[in-house]
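Next up, the structure:
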């Protein structure tokens, strides 16, 4: 919407008025806690000035690097439980890929010492290398190093206990990288470029698939390490399961995990020994929490998406009953219903709700841009001073 000519005069410094093209500067903004808009008087066109040899966290190349690491985290989330359960049956190729992935995360550890951060109290970008190093060393550095250290490759060099349970747990430290995915979903939920419901559903599906994958792998590990293979949940139906293909065993493990999570078992696959029973109890207790979490979130999304339509139908029914109870003329009843329908269609604009959360000076600027041309051109205000009209339109509200 074009601004009236007075917005470019003496009112411009006090009440900024943006034209239609200016809004493009704010499209695609990720308004999260760590990405605040500039302070009063600053501009969004100027990149922050940093010290030498530092990498801006807002640099597009660094954003691409973060997305690349997220893809590697997804790979780690899949391969880590798989190696935990099927380590002795896997070929060497995945371990070579693991070393390459660990190399990328090692580079990111070094890079973290050169990336400024936003101070949680002042919301200013801190580019002091010493403060950056102290903050990283006192927070995630030790965990990142442990999750990146190539324990399996080191064990191969010494050729000792390659398939030991302790080595499996050390390799499982790579799941610490999942914190990046959690942070990603937290940012995407605040990103206006993406639909909140889609991001939320994607997060719920990801959590469910990861839980199914981990439970299936752990349950297979319990069966694989049990002394009597025939007295296991998989050995009862596949006596020589250790000779079967890796894909068949993995799919069978997922089948058990899904049937347990969805409470459709037990039939062909069930616990055969005490270890499996204990794990089954723990997994089903976890499923109680996960099911409540999924149902609660999905219910919230569905109720939120249909509450507006439900309120509209209740309002129409109440208006119809009011007209019938008071024997109002048909014309008045139609006017009431038409007004309710118009209000429902314009409610999505949220014009007044949006204005109420803004500062008074900003509301005045918006009102001047919206209403000043209409009021100034009205015959009722011919000859009225511009100052009076400016004061008048700042108190106006749109009504449909």
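Numbering (full-length UniProt numbering), first residue to last: 1 to 400. A virtual CB, placed ideally from N, CA and C, is assigned to each residue, including glycine.
Distance from the CA of residue 235 to the CA of residue 249, rounded to the nearest whole angstrom, comes to 11 Å.
Collapsing the DSSP output to three states places residue 144 in a helix. Around residue 237, the same chain offers 268 and 269 as residues with beta carbons nearer than 8 Å, after the five sequence neighbours per side are excluded.
Residue nearest to residue 117 within the set 107, 108 and 128 is 128 (criterion: CA-CA distance). Within a 10 Å sphere around the beta-carbon of residue 152 sit 16 or more other beta-carbons, which makes this residue buried. Separation of residue 136 and residue 210 (C-alpha to C-alpha, rounded to the nearest whole angstrom) is 28 Å.
For the set 71, 381, 365 and 78, the Cα lying nearest the Cα of residue 395 is the one of 365. Rounded to the nearest angstrom, the gap between the Cα atoms of residue 222 and residue 81 is 13 Å. About 5 Å separates the beta carbons of residue 197 and residue 301, which is inside the 8 Å limit, making them a contact pair. Rounded to whole angstroms, the separation of the alpha carbons of residue 146 and residue 199 is 30 Å. At the C-beta level, residue 281 and residue 315 stay beyond 8 Å of one another. Per DSSP, the continuous alpha helix (DSSP H) segment holding residue 280 begins and ends at 274-325. Unbroken alpha helix (DSSP H) stretches of 4 residues or longer found wholly inside the segment 186-246: 196-224, given in chain order. Taking C-beta separations shorter than 7 Å and ignoring five residues to either side along the sequence, the partners of residue 344 in its chain run 312, following chain order. Under the three-state reduction of DSSP, residue 117 is assigned to strand.
Partner residues in the beta bridge of residue 125, as assigned by DSSP, are 118.
Nearest to residue 220 by alpha-carbon distance, out of 121, 189, 195 and 252, is 252.
For residue 388, there are no CB contacts under 6 Å within the same chain when 5 residues up- and downstream are skipped. The C-beta separation of residue 133 from residue 113 comes to about 5 Å, placing the pair in contact by the 8 Å criterion. For residue 372, the three-state secondary structure derived from DSSP is helix.
DSSP places residue 60 inside the alpha helix (DSSP H), whose first and last residues are 60-86. In the structure shown, residue 94 adopts helical secondary structure according to DSSP, grouped into three states. Residue 362 counts as exposed, since fewer than 16 other C-beta atoms from the protein chains shown sit within 10 angstroms of its C-beta. In the displayed model, residue 270 falls within coil according to three-state DSSP, outside both helix and strand.
Rounded to whole angstroms, the Cβ separation of residue 204 and residue 294 is 6 Å, and the two are in contact under 8 Å. Within the same chain, 260 come within 7 Å of residue 284 by CB-CB distance, once the 5 residues on both sides are set aside.
Spanning the alpha carbons of residue 381 and residue 360 requires a straight line of approximately 25 Å. In the displayed model, residue 257 falls within a helix according to three-state DSSP.
For residue 336, the three-state secondary structure derived from DSSP is helix. About 7 Å separates the CB atoms of residue 375 and residue 392; that is less than 8 Å, so the two are in contact. Rounded to whole angstroms, residue 87 and residue 304 show a C-alpha spacing of 45 Å. In the three-state reduction of the DSSP assignment, residue 398 falls in the coil class. Our two residues, residue 242 and residue 275, have alpha carbons roughly 19 Å apart in a direct line. Here the C-alpha atom of residue 182 lies approximately 19 Å from the C-alpha atom of residue 289. Counting C-beta atoms within 10 angstroms of its own C-beta, residue 64 has fewer than 16 neighbours from the protein chains shown and is therefore classed as exposed.
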